[in-house]
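Under this note's numbering, the first residue of the sequence shown carries the number 584, and numbering increases by one thereafter.
By construction, the Cβ of each residue, glycine as well, lies at the ideal position given by its N, Cα and C atoms.
Predicted, not measured: the structure shown is a model, and the values here were computed from it.
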Amino acid sequence: MHTVGTPLLWGSFAVVVAIMLAIDLLVQGRRGSQTMSMKQAAVWSLVWVSLSLLFNLAFWWYLSGTAGREVADTQALAFLTGYLIEKALAVDNVFVWLMLFSYFAVPAALQRRVLVYGVLGAIVLRTIMIFGGSWLITQFEWLLYVFGAFLLFTGIKMALAKEDDTGIGDKPLVRWLRGHLRMTDKIENERFFVRQNGLLYATPLLLVLILVELSDVIFAVDSIPAIFAVTTDPFIVLTSNLFAILGLRAMYFLLAGVAERFSNAEVWSVDYPGVYRREDADRRFLPYPNRRFAGCGRRHSGGYADYQRLGEPP
Numbered sequence: 584m585h586t587v588g589t590p591l592l593w594g595s596f597a598v599v600v601a602i603m604l605a606i607d608l609l610v611q612g613r614r615g616s617q618t619m620s621m622k623q624a625a626v627w628s629l630v631w632v633s634l635s636l637l638f639n640l641a642f643w644w645y646l647s648g649t650a651g652r653e654v655a656d657t658q659a660l661a662f663l664t665g666y667l668i669e670k671a672l673a674v675d676n677v678f679v680w681l682m683l684f685s686y687f688a689v690p691a692a693l694q695r696r697v698l699v700y701g702v703l704g705a706i707v708l709r710t711i712m713i714f715g716g717s718w719l720i721t722q723f724e725w726l727l728y729v730f731g732a733f734l735l736f737t738g739i740k741m742a743l744a745k746e747d748d749t750g751i752g753d754k755p756l757v758r759w760l761r762g763h764l765r766m767t768d769k770i771e772n773e774r775f776f777v778r779q780n781g782l783l784y785a786t787p788l789l790l791v792l793i794l795v796e797l798s799d800v801i802f803a804v805d806s807i808p809a810i811f812a813v814t815t816d817p818f819i820v821l822t823s824n825l826f827a828i829l830g831l832r833a834m835y836f837l838l839a840g841v842a843e844r845f846s847n848a849e850v851w852s853v854d855y856p857g858v859y860r861r862e863d864a865d866r867r868f869l870p871y872p873n874r875r876f877a878g879c880g881r882r883h884s885g886g887y888a889d890y891q892r893l894g895e896p897p
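Put into structure tokens, the structure is as follows:
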């Protein structure tokens, strides 16, 4: 498969990601049980966005000296486009996390732990999916048309879909997991497994982690093909994709902070190819302790926009 990625570029990307993840985990360890404030989340979000843009600038500078200005301009623009696409589509992940943590009443201090593993898992899974998809496109170029048709199909299906009032606990997948995993009734601090009466039990925190990982895989199924429509270079697809999702944890705590302060949300959505929806938030579906959060994430393949109009707290 053709790629502009050289050993130097791949190595530099791996080092940057490893260093930033180490710093992020170190800062989290020093916080202990303290939750990330909105200000801290905003700062970290800005750090991740700035780092992504700096990486793209360095990428452009390197290609300018090795492959020429025209190639550098084209590839840097492809990176930026892929980054913006994934950043926009990845907002759905954040809304799903909000719903999952709210439904399972996961304390804020434990949400960070789940998201750390969730992001690390997303890095591994998306890397596999991107390299696999890039190889398939190299072997069967007509798959690009299949991906395009799939995006159009899911967008139309989303626009025509009826409202689903089924609670998270009643979803077939959640029922199946609970039926096949020996699980405790409550969260046991930060542990994913506990031993009771000599038997190993999973905790609801593990169930949340599994759902977080599965939601990322489901969303990646249409976000990655959307980037392949821009470029099939695995280096650009992977780097733009991972830089976008690395800042999701900070984005989550930023939006979660907003969610705590407001309720009575009305969600206006744009479903591809441009069908507007208005949805009143279901407070019964998203119960927060001592407060109500209204919000929802909806998948919009191809084109995506979510706008929340937040009213005054009741």
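Cα-Cα, which of L821, T814 and A839 is closest to I711?
Checked all of L821, T814 and A839; the closest Cα to I711 is L821.
With the cut-off set at 8 Å, would you say I720 and F662 are in Cβ contact?
No; because the gap between Cβ atoms is not below 8 Å, this pair is not in contact.
Is DSSP giving V777 helix, strand or coil here?
Of the three classes helix, strand and coil, the one that applies to V777 here is strand, per DSSP.
DSSP three-state call for A785: helix, strand or coil?
Note: A785 maps to strand in three-state DSSP.
So for M712, helix, strand or coil by DSSP?
Three-state DSSP puts M712 in a helix.
Could you give the C-beta distance for P817 and I713, rounded to a whole number, given that I count them as a contact under 8 Å?
Between I713 and P817 the Cβ distance is about 6 Å, and since that is below 8 Å, they are a contact.
Please return the same chain residues whose Cβ sits closer than 6 Å to the Cβ of T586, not counting the five positions on each side in sequence.
Around T586: D816, P817 and F818.
Between the C-alpha atoms of A625 and L837, what's the straight-line distance to the nearest angstrom?
One C-alpha to the other measures close to 6 Å.
Could you spell out where the alpha helix (DSSP H) holding N639 opens and where it closes?
Per DSSP, N639 belongs to the alpha helix (DSSP H) from M621 to T649.
Just list the residues that DSSP pairs M766 with in beta bridges.
In DSSP, M766 forms a bridge with A785.
Counting only the same chain and skipping the five closest in sequence on each side, list residues whose C-beta sits under 6 Å from that of F687.
Excluding positions up to five away in sequence, the list reads P787 and V791.
Return the CA-CA distance between S628 and V610, expressed in angstroms with no decimal places.
Going from the Cα of S628 to the Cα of V610 covers about 14 Å.
When you compare only the Cα positions, how much space is there between A655 and V804?
Their Cα atoms are separated by approximately 29 Å.
If I measure Cβ to Cβ from F775 and keep anything under 8 Å in the same chain, skipping five residues before and after, which residues do I get?
So the list reads A785, T786, L788, L789 and L792, once near-sequence residues are dropped.
Report yes or no: do the stretch 687-704 and the stretch 764-781 share at least 3 C-beta pairs separated by less than 8 Å?
At 8 Å Cβ cutoff, the stretches touch.
Could you tell me the distance, in whole angstroms, from the CA atom of M834 to the CA atom of T649?
Cα to Cα, the separation comes out at about 36 Å.
Can you tell me whether DSSP reads T721 as helix, strand or coil?
It is helical.
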